[in-house]
Amino acid sequence: MAEHHGHDHHPEPPSAVEARARALESLLIEKNLVTADAIDRIVEVYESDIGPLNGARVVARAWVDPEFKRRLLADGAAAIRELGISGLRGEHLVVVENRPGVHNVIVCTLCSCYPWAVLGLPPTWYKSAAYRSRMVINPREVLAEFGLHLDEDTRIEVWDSSAETRYMVLPERPPGTEHLSEEELAALVTRDAMVGVARVEVPARA
Amino acid sequence: MNGIHDVGGMQTFGPVDPRDDGHPFHAGWEGRVFALSLVLAERGVFNLNEFRDRRERIPPPEYLRKSYFDLWLTSMEALVVERGVATREELEARARRAGEPAGARAPGGDGGALAERMLRIVREGVPSRREGPAPRFQPGDRVRARNLHPIGHIRMPRYVRGKVGVVDRYHGCFDLPDASAAGRDLPEPLYTVRFDAVELWGDQGRAGDGVRVDLWESYLEPEEGPRG
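Right, here's the structure in full:
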């Protein structure tokens, strides 16, 4: 298992940062603090398993089940467990609801806090200084950079994740989706909508 | 510490590039560095706040030059050296040999026990709510964020310091990050506080917009005036 690494058969010499990363890992393995196997498995689970499909299931359930939605908004972490969803950086999940006239959006100005258990690891833009710095002072402009143009009279509530609580947006259910099943609804829900930088859109012929 | 990590309210970083390929890592080493940080935290080499604190003490020119996961790597290198797990010389000597075949790696040898433990943590989480003192504030109370500038870790963004907000919700007690980064457990009530955009940003803020920030009780003082 120690042989299985994405970089071990690299034809070129490693970059400086890659060499440092390998050095740290191999020293920690020798010192019995880490196993290559543990590293492999963690990488694999975040690459292929824990991602925004979890959050999309939560949103779709909240759209079709008002009682679940009530529980979700009251205690996000407990409600997602009903769907078998839990995990690191989801232990103290708070779900905030978009509604006509109020738009919520999530940021972490101090680092990159993000609700891993429901959305997976954050995209590069979420971790960028441009997003982190400007979302709190100029949210309309930043949302427009994502192509989201809000009405003038919509209030924006920005949630700056500064503690071990983690936030996720419950987007508005788009009109014209009354005939869709819970599974079909989940397929419409994007990661960006659950961060609050997009709306959930209905494909032209849904 | 007032470091370069605390960027909320800066206006000079340019537009956001919203493109994304959906992959959490963009090089093999990035994922391994990420995973190493989880294992070292579980192993007690450092806690989350010590890890953040170390990152925040990277000087601004270096912080801005390095990529996201390079900052994680840089912080972990510093912490393993500071904690006596490895020496700087060991790390550097090993990095110089990193292009050589990986035959010298020691096998895992624990029958997968650590991997199993880590997967359980990843999938189930580790709650961090604690028993602690009763809350001093209630939702609706007006509070002022104290004007604190400690020589150490703090999880109160600079842009709220000195500003008045309204307690939005109470979350229970959580370890104060300032103490946690110094190796002490000090559970304290944690609140979400809502600040009006105009209070924070003057005429750059829009009336009715708000920013909510999670703040520990010792970051706050009562503010006289009508309840929100």
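Going down the list, the protein sequences come from chains A and B.
Residue numbering for the first sequence follows our numbering, beginning at 1 and increasing consecutively.
Residue numbering for the second sequence follows our numbering, beginning at 207 and increasing consecutively.
Note that beta-carbon positions come from the ideal geometry of N, C-alpha and C, so glycine has one too.
For Asn104 (chain A), the uninterrupted beta strand (DSSP E) run begins and ends at Val102 to Val107, by DSSP.
Approximately 4 angstroms separates the beta-carbon atoms of Glu91 (chain A) and Gly331 (chain B); this is inside 8 angstroms, confirming the contact. Separation of Glu288 (chain B) and Arg260 (chain B) (C-alpha to C-alpha, rounded to the nearest whole angstrom) is 10 angstroms. For Arg352 (chain B), the closest C-alpha among the options B:Ile360, B:Val404 and B:Val291 is that of B:Ile360.
Close CB contacts of Gly358 (chain B) within its chain, under the 8 angstroms cut and outside five residues either way in sequence, are with Met207, Asp259, Asp384, Ala387 and Ala388 (chain order).
The criterion of a C-beta distance shorter than 8 angstroms is not satisfied by Tyr114 (chain A) and Arg155 (chain A).
For the C-beta of Phe252 (chain B), not a single chain A residue is nearer than 9 angstroms; the gap to the nearest is close to 12 angstroms.
Counting C-beta pairs with one atom in each stretch, the stretch 177–192 of chain A and the stretch 97–104 of chain A have fewer than three that are closer than 8 angstroms, which means they do not touch.
Ser243 (chain B) and Ser273 (chain B) have their alpha carbons spaced roughly 16 angstroms apart.
A Cβ-Cβ distance of about 5 angstroms is found for the pair Val373 (chain B) and Pro345 (chain B), placing them in contact under the 8 angstroms criterion.
About 7 angstroms separates the beta carbons of Leu279 (chain B) and Val17 (chain A), which is inside the 8 angstroms limit, making them a contact pair. When the Cα atoms are used, Arg20 (chain A) and Trp407 (chain B) turn out to be separated by approximately 42 angstroms. Contact annotation for Tyr274 (chain B) against chain A: Ser112, Thr124, Lys127 and Ser128 [CB-CB distance below 9 angstroms, chain order]. Within chain A, no residue has its beta carbon less than 7 angstroms from that of Val404 (chain B); the closest one is some 12 angstroms off. An exposed status is given to Thr218 (chain B), since fewer than 16 other beta-carbon atoms sit within 10 Å of its beta-carbon. Each residue's CA atom was taken as its position, placing Ser48 (chain A) and Ile39 (chain A) some 14 angstroms apart.
Between the stretch 68–87 of chain A and the stretch 134–150 of chain A there are fewer than three inter-stretch CB-CB distances shorter than 8 angstroms, so the stretches are not counted as touching.
Between the C-alpha atoms of Tyr425 (chain B) and Val95 (chain A) there is a straight-line separation of about 24 angstroms.
In this structure, the alpha-carbon of Trp422 (chain B) lies about 30 angstroms from that of Leu325 (chain B). Per the DSSP secondary-structure output, Phe380 (chain B) pairs in a beta bridge with B:Arg335 and B:Glu394. Taken in chain order, the members of the stretch 313–334 of chain B whose beta-carbon sits within less than 7 angstroms of a beta-carbon on chain A are Pro313, Gly314, Asp316, Gly318, Leu320, Ala321, Met324, Leu325, Ile327, Val328, Arg329, Glu330, Gly331, Val332, Pro333 and Ser334.
Taking 8 angstroms as the Cβ-Cβ cut-off, the stretch 353–369 of chain B approaches chain A at Arg361, Met362, Pro363 and Tyr365, given in chain order.
As for any alpha helix (DSSP H) of minimum length 4 sitting wholly inside the stretch 92–144 of chain A, the runs are 116–119, 124–127 and 129–134, ordered along the chain.
The closest CA to that of Ala292 (chain B), considering only A:Glu164, A:Pro13, A:Ile29 and A:Val158, is found on A:Ile29.
Residue pairing by DSSP places Tyr167 (chain A) opposite A:Val94 in a beta bridge. In this structure, DSSP gives Arg155 (chain A) an extended state, which the three-state scheme calls strand.
Residues of the stretch 276–298 of chain B with a Cβ closer than 9 angstroms to any Cβ of chain A, in chain order: Asp276, Leu279, Thr280, Met282, Glu283, Val286, Val291, Ala292, Glu296, Leu297 and Glu298.
Flagged as an interface residue toward chain A: Val419 (chain B), by a C-beta distance shorter than 8 angstroms. Within the stretch 162–180 of chain A, the residues whose Cβ lies closer than 8 angstroms to any Cβ of chain B are, in chain order, Ser162, Ala163, Glu164 and Thr165.
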